[in-house]
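Step one of this worksheet: look at the structure below.
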Amino acid sequence: MKNNKIIKLLGETILPGESKTIDVEIAKLHSMTKLKIPVIIERSKVDGPTVLFSACLHGDEINGTEIVRQIIRKKINKPKRGTIICIPIINIFGFINQTREFPDKRDLNRVFPGSKNGSLASRFAHFLVTEIIPKVDYAIDFHAGGASRFNAPQIRIVPNNLELKELATIFNAPFTLYSKNISGSFRNACTKTGVKMLLFEGGKSLDLNEMVTQEGVEGTMRFLKHLDMLNPKKELTVFGEKTIFIEKSNWIRANFSGMFHGLVKIGGFVNKGDVLAMISDPYGKVEHKVKAPNDGYIINVNDAPIVYQGDAVFHISTQLEI
1483 MKNNKIIKLL GETILPGESK TIDVEIAKLH SMTKLKIPVI IERSKVDGPT
1533 VLFSACLHGD EINGTEIVRQ IIRKKINKPK RGTIICIPII NIFGFINQTR
1583 EFPDKRDLNR VFPGSKNGSL ASRFAHFLVT EIIPKVDYAI DFHAGGASRF
1633 NAPQIRIVPN NLELKELATI FNAPFTLYSK NISGSFRNAC TKTGVKMLLF
1683 EGGKSLDLNE MVTQEGVEGT MRFLKHLDML NPKKELTVFG EKTIFIEKSN
1733 WIRANFSGMF HGLVKIGGFV NKGDVLAMIS DPYGKVEHKV KAPNDGYIIN
1783 VNDAPIVYQG DAVFHISTQL EI
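Residue numbers (this note's numbering): 1483 to 1804.
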């Protein structure tokens, strides 16, 4: 079916079969230097859905940017039908400063839907909700763990949504976690406007990981194939083991401060009582064991060499979907 519909985005017209990069300027640096955020749009001549791939909502989560970069570089964003919008870096201010927040110290992922006249972060959230999201049918937002905590590649979806569960099954990350939308989050704003969003988590802040990137890119290809949007020139990776759905999970926290020595691999299954890590003093006198409180999969590991009492050191599944 031919696509005769004209899409207008950010004041620009994108015709069927057209490729366009639109540079968006929200605000300047304090030095008056302009900052532009490229929004990369690829349209097929054949009608179909509009999909958004976004990353770096938190400016230090650059592994997501690498996933979207590879999607563009490998021309996976050139759809068989429909439209694909890529925004590799949403929080350009945090990306430049290698920080999570905006310069106003606000977490962009807690201020949606934002305000036209609010803080800098709020204004940018308002821009996304009013200019981008109304054009989108499906979205994948790529994230990474914060504060030296490494996430196993995983998709997060709200419970009791069969369509999102199907999409998560198709994406087939090693794990899929059920988690409620957080008020003020990008995912919550998309849900309220009818956009079907998968949230991808993988790796840690200020880090690039080849395994995480591969999982993100291959899952995206399967996602597009399911929507009949994948460029037929692209080879689809064969499914491996099926994603493990996790209904409930808990954080294991350090009971002592000290040097942290992790002993288990991310994504592995452990049994109750297994020693997961040692916390030691720097003088060779004291060592404390961190043990698994239950059987489960380790879906996040703290890579920090030093931890304090109360720090989250492991994220472990407590209940799997049967």
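Quick reminder that beta carbons are idealized off the backbone N, C-alpha and C, glycines included.
Compute every distance between the C-beta of residue i and the non-hydrogen atoms of the ligand NAP, then say whether any falls below 8 Å.
i: Pro1656; result: The ligand NAP is not among the ligands present in this structure, which contains no ligands whatsoever.
CB-CB under 7 Å to residue i, same chain, minus the five flanking residues each way: which ones, in chain order?
i: Lys1617; result: Ile1489, Leu1491, Thr1532
i: Ile1652; result: Arg1704, Phe1705, His1708
i: Lys1716; result: Ile1558, Met1703
i: Gly1576; result: His1540, Gly1541, Asp1542, Arg1582, Glu1583, Phe1584
i: Ile1549; result: Ala1537, Phe1624, Thr1695, Gly1698, Val1699
i: Lys1773; result: Gly1755, Asp1756, Val1757, Leu1758
i: Arg1563; result: Ser1526, Val1528, Asp1529, Gly1530, Asp1710, Met1711
i: Ile1664; result: Asn1670
i: Glu1729; result: Tyr1660, Gln1801, Leu1802, Glu1803
i: Lys1510; result: Lys1516, Leu1517
i: Glu1507; result: Lys1516, Leu1517, Lys1518
i: Lys1771; result: Val1757, Met1760
By the 10 Å Cβ neighbour count, where 16 or more other Cβ atoms means buried, how is residue i classified, buried or exposed?
i: Leu1644; result: exposed
i: Asp1763; result: exposed
i: Ile1553; result: buried
i: Met1514; result: exposed
i: Val1757; result: exposed
i: Val1768; result: exposed
i: Leu1680; result: buried
i: Asp1623; result: buried
i: Gln1636; result: buried
i: Arg1555; result: exposed
i: Asn1545; result: buried
i: Asn1691; result: buried
i: Ile1639; result: buried
i: Gly1792; result: exposed
i: Leu1649; result: buried
i: Asn1753; result: exposed
i: Lys1678; result: buried
i: Leu1646; result: buried
i: Ile1788; result: exposed
i: Pro1641; result: exposed
Which residue marks the beginning of the alpha helix (DSSP H) containing residue i, and which one marks its end?
i: Lys1707; result: 1692-1708
i: Cys1672; result: 1668-1674
i: Ser1604; result: 1602-1609
i: Asn1819; result: Past the edges of the chain, shown from 1483 to 1804, lies residue 1819, and the structure says nothing about it.
Along the beta strand (DSSP E) that carries residue i, what are the first and last residues, could you check?
i: Lys1556; result: It is not in any beta strand (DSSP E) - Lys1556 carries neither H nor E in the DSSP assignment.
i: Thr1503; result: 1501-1506
i: Asn1633; result: 1631-1639
i: Thr1495; result: 1494-1496
i: Lys1652; result: It should be pointed out that residue 1652 corresponds to Ile in this sequence rather than to Lys. Here Ile1652 belongs to no beta strand (DSSP E); instead the alpha helix (DSSP H) covers 1644-1653.
i: Ile1761; result: 1757-1762
i: Ala1794; result: 1794-1802
i: Ser1597; result: Neither: Ser1597 is in no beta strand (DSSP E) and is coded neither H nor E.
i: Asn1713; result: No beta strand (DSSP E) holds Asn1713; DSSP gives it neither H nor E.
i: Gly1627; result: 1620-1627
i: Phe1584; result: Premise fails: Phe1584 is in no beta strand (DSSP E) and is neither H nor E.
i: Tyr1790; result: Neither: Tyr1790 is in no beta strand (DSSP E) and is coded neither H nor E.
i: Met1741; result: 1740-1744
i: Thr1565; result: 1565-1569
i: Ala1537; result: 1532-1537
i: Tyr1779; result: 1778-1784
i: His1540; result: Per DSSP, His1540 belongs to no beta strand (DSSP E) and is neither H nor E.
i: His1770; result: 1769-1773
i: Gly1684; result: 1678-1686
i: Lys1490; result: 1489-1491
i: Ile1522; result: 1519-1525
i: Ser1731; result: 1726-1735
i: Tyr1660; result: 1657-1660
Can you name, in chain order, every residue of its own chain whose Cβ lies under 8 Å from the Cβ of residue i, other than the five neighbours on each side?
i: Pro1561; result: Glu1524, Arg1525, Ser1526, Gly1530, Val1533, Leu1706, Met1711, Leu1712, Asn1713
i: Lys1487; result: Pro1498, Asp1529
i: His1743; result: Ala1759, Met1760, Ile1761, Ser1762
i: Gly1596; result: Ala1603, Ser1604, Arg1605, Phe1606, Ala1607, His1608, Phe1609, Leu1610, Val1611
i: Ile1569; result: Ile1519, Pro1520, Val1521, Ile1522, Leu1534, Phe1535, Ser1536, Ala1537, Val1550, Ile1614
Given residue i, which residues of its chain have a CB within under 6 Å of its CB, disregarding the five upstream and five downstream residues?
i: Ser1501; result: Glu1524
i: Asn1591; result: Leu1539, Ser1667, Phe1668
i: Asp1619; result: Pro1531, Thr1532
i: Ile1567; result: Ile1523, Leu1534
i: Ile1571; result: Cys1538, Thr1547, Phe1577
i: Arg1588; result: Ser1601, Ala1603
i: Ile1574; result: Leu1517, Ile1519
Determine contact between the region 1593-1612 and the region 1694-1713, defined as no fewer than three beta-carbon pairs at a distance below 8 Å.
no
Contact the region 1791-1800 vs the region 1770-1780: 3+ CB pairs below 8 Å:
yes
Check whether the region 1674-1690 and the region 1520-1529 are in contact - that is, three or more C-beta pairs closer than 8 Å.
no
Would you check if there are 3 or more beta carbon pairs closer than 8 Å linking the region 1782-1797 to the region 1625-1644?
yes
Touching by the beta-carbon criterion (3+ pairs, under 8 Å), the region 1534-1545 and the region 1681-1688:
Contact holds: three or more Cβ-Cβ distances are below 8 Å.
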